[in-house]
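Chemist: Here the sequence shown stands for residues 1 to 391, numbered as in full-length UniProt numbering.
For reference, the structure I am asking about is given below.
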Amino acid sequence: MLQAASVRAADESVAQHVSALTRYYRLPGPLHLECGETLPEVEVAYRTWGDPANAAASTVLICHALTASADADVWWPGMIGADAAFDPATDYVVCSNLLGSCYGTTGPASLRTGAAERYRADFPAISVRDMVRVQRLLLDHLGVARLALVTGPSLGGMQAFEWAAMYPEQVDAIAPMGAGGRHSAWCIASSEAQCAAIRADANWNHGYYSDDQPPTKGLAAARMMAVCMYRSWRGFQQRFAREQRDHDTFQVQSYLRHQGDKLNDRFDANCYLRLVQAMNGHDLARGREQYFDVLESITQPVLLVSSSSDQLYPAHELEVVARHMPNATHETLVTDEGHDGFLIKTGPLAAMIRAFRNRLSSANHVSVSGANAVAAHESRTTTLPRHRLAS
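Encoded structure:
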């Protein structure tokens, strides 16, 4: 187990946002990526909640979104705890920082193996499937052979879908939120505008910027664009309307600038681009069968949650996905918070997940009880005297 002092994935301004409770695991060998390139060494930052003794019965894997971290209790408040969606008293909960991110797991801001320079733009292209493979290796290390549930919002939901497709025998159920089985043209267009803003920054330097001159203006602009897509017209109108902060600044302008500045304090531009590119490549059908055929092949119970005001993954798109999955339930979180509703309206969301898990538990109980009854009947039948069988 690597100690917290070994964090070298990003500069100090980002590293300060890595929780002291974070643990680290170095993969036992090189990681071969879908793009054909190899990372010689990969460190994975992760957090756990609950007793590892519960792992065999109920391990929950939480997968985070674009700029989040392994600190699921921070970015997903109200989802982990007693009477929450995931209870550490009965669940073993795991969340790891994604491959390509900058909160402890190897990514573009990491130092190259055996060198004093960062990967920067030389970090290879990664996919959602690469992220899932790294998570699987981490879970092997933790002794987790089976997952009761894989869940997460946005990019986290994409990982949940891939878990069900890549390791169906190891996943009991998934609960993707604000994500479908493939990234749409609308989402790719939004991502491209954000990436273009980063690349247009004078400090970008084709991705080989220095620690003391990162492309802060470009990353801030990208974040402001993203926030406009993460929220909704109604939500902004209710919160800001035309209120002004001062004589020449509207409140909504101040809010967006603040969001851009905050991301610069805690994230890296190359990491942002690599993760966005991975999202663009998300498609369950890639290298497999036709899209709807792949959806139909996912037979685990699925809770697919949409936000009623999501501009990126509208409810009607996720309804189509659910209709093509044999054991899926689609529910809509009613909120004006848009795509970010999954991070804000966690009370109703936790209730949805609890109800879903209760249904799974009841179904399993009925299934086990039925199997036991059949076994008992067969046992009684085979031991009855011959003359009783003839009567």
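The beta-carbon is built from N, C-alpha and C at its ideal position, and this holds for glycine as well.
In this structure, how does DSSP classify G104 when only helix, strand and coil are distinguished?
Modeler: Residue state, collapsed to three classes: coil.
Chemist: Would you call the CB atoms of A269 and S127 closer than 7 Å?
Modeler: Going by C-beta atoms, A269 is not nearer than 7 Å to S127.
Chemist: Could you have a look at A145 and say whether DSSP puts it in helix, strand or coil?
Modeler: DSSP places A145 in the coil class of the three-state scheme, outside both helix and strand.
Chemist: Around the Cβ of W76, are there at least 16 other Cβ atoms within 10 angstroms (buried) or fewer (exposed)?
Modeler: Buried is the call here.
Chemist: What does the Cβ neighbour count give for A196, buried or exposed, with the cut at 16 atoms within 10 Å?
Modeler: exposed
Chemist: Counting only the same chain and skipping the five closest in sequence on each side, list residues whose C-beta sits under 6 Å from that of Q251.
Modeler: F240, E243 and R245
Chemist: Of the residues W204, L318, S361 and Q311, which one's Cα is nearest the Cα of G341?
Modeler: Q311
Chemist: Taking all protein chains shown into account, do 16 or more other C-beta atoms lie within 10 angstroms of the C-beta of D248, making it buried, or fewer, making it exposed?
Modeler: exposed
Chemist: Suppose the cutoff is 8 Å on Cβ atoms and the five residues either side in sequence are ignored; what does the same chain contact list for G143 look like?
Modeler: P52 and A55
Chemist: Relative to the C-alpha of R182, which candidate in A202, L155 and Q259 has its C-alpha closest?
Modeler: L155
Chemist: Going by the CB atoms, is the gap between L360 and A173 shorter than 7 Å?
Modeler: yes
Chemist: Identify the continuous alpha helix (DSSP H) that holds A220 and give its terminal residues.
Modeler: T216 to Y230
Chemist: Once DSSP output is grouped into helix, strand and coil, what is the label at I126?
Modeler: coil
Chemist: Looking at C-beta atoms only, is the number of pairs between the region 109 to 116 and the region 63 to 82 that lie closer than 8 Å three or more?
Modeler: The region 109 to 116 is not in contact with the region 63 to 82.
Chemist: Relative to the alpha-carbon of G347, which residue among A226, V18 and D83 has its alpha-carbon at the smallest distance?
Modeler: D83
Chemist: DSSP beta-bridge partners for R182?
Modeler: D283
Chemist: Per DSSP, R323 forms a beta bridge with which residues?
Modeler: Answer is none; R323 lacks a bridge partner.
Chemist: Exposed or buried, Q16, counting other C-beta atoms within 10 Å across all chains shown (16 or more means buried)?
Modeler: exposed
Chemist: Which whole-angstrom value describes the C-beta separation of T48 and V93, a residue pair presumed to lie in contact below a C-beta threshold of 8 Å?
Modeler: Rounded, the Cβ-Cβ distance is 7 Å, consistent with contact.
Chemist: Around the C-beta of S190, are 16 or more other C-beta atoms found within 10 angstroms, so that it is buried, or is it exposed?
Modeler: buried
Chemist: Helix, strand or coil for Q170, going by three-state DSSP, please let me know.
Modeler: helix
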